[in-house]
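Down below is the structure, laid out as structure tokens.
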Amino acid sequence: MNRTKTIWSEQNDAERNARMEVEIGNILTAEEKLIPSSGFMASVMERVRQEAALPPPIPFPWTWAILGILLVSGVFGWSAFEIFRLGLPALDMSVLHSFTLTLPHLPAAAVGPVEKVGWVALALGVSLLCWLFSRRLAGSGGLL
Numbered sequence: 004m005n006r007t008k009t010i011w012s013e014q015n016d017a018e019r020n021a022r023m024e025v026e027i028g029n030i031l032t033a034e035e036k037l038i039p040s041s042g043f044m045a046s047v048m049e050r051v052r053q054e055a056a057l058p059p060p061i062p063f064p065w066t067w068a069i070l071g072i073l074l075v076s077g078v079f080g081w082s083a084f085e086i087f088r089l090g091l092p093a094l095d096m097s098v099l100h101s102f103t104l105t106l107p108h109l110p111a112a113a114v115g116p117v118e119k120v121g122w123v124a125l126a127l128g129v130s131l132l133c134w135l136f137s138r139r140l141a142g143s144g145g146l147l
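Each residue of the sequence shown is one higher than the last, beginning at 4 in my numbering.
Structure below.
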């Protein structure tokens, strides 16, 4: 009983699909051809000429983007190093002591000035980059 229903429904589906294809074919053959209006070609060509006359787009400043990415990654890397250097030894866990970074031994009197020199060098580098960026923005305006 179930098998006969399946065969009958498959035959109905095939007949229905054949009728739909015939109807679609009749609709497509009965349609008239589309012809563009008289001013369509002229308006399209005018728009093409306008687009061709536009200046090229401004290129992306990859040099500055890469420099900025390097600077930001350096700052985050340095801060992560300082956090691990100062934070991990403060934790008194034997597992973490095996992972601590061993720095070369510097006398206590030399550690403070060395850290200060690093921060001063970073500040000078950031200042230099800001100055160069402002010169780049000013361009040939003669402001700088």
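Idealized CB from N, CA, C, for every residue including glycine. Quantities reported herein were computed from a predicted structural model and do not represent experimental measurements.
Three-state secondary structure (DSSP) of residue i
i           : result
residue 37  : coil
residue 57  : coil
residue 42  : coil
residue 87  : helix
residue 142 : helix
residue 129 : helix
residue 63  : coil
Alpha-carbon to alpha-carbon, residue j and residue i
i           : j           : result
residue 88  : residue 71  : 25 Å
residue 54  : residue 137 : 33 Å
residue 60  : residue 46  : 24 Å
residue 139 : residue 67  : 10 Å
residue 64  : residue 135 : 14 Å
residue 130 : residue 141 : 16 Å
residue 118 : residue 125 : 11 Å
residue 26  : residue 56  : 49 Å
residue 62  : residue 69  : 14 Å
residue 23  : residue 38  : 28 Å
residue 161 : residue 29  : In the structure displayed, the chain extends from 4 to 147; residue 161 sits before or after that span and is not available.
Neighbour flag for residue i against chain C, beta carbons, 7 Å
i          : result
residue 41 : As a matter of chain content, chain C is missing from the structure shown, which is built from one protein chain.
Whole-Å CB distance - residue i paired with residue j, under 8 Å assumed
i         : j          : result
residue 3 : residue 74 : Missing from the structure shown is residue 3; the chain here goes from 4 to 147 and no further.
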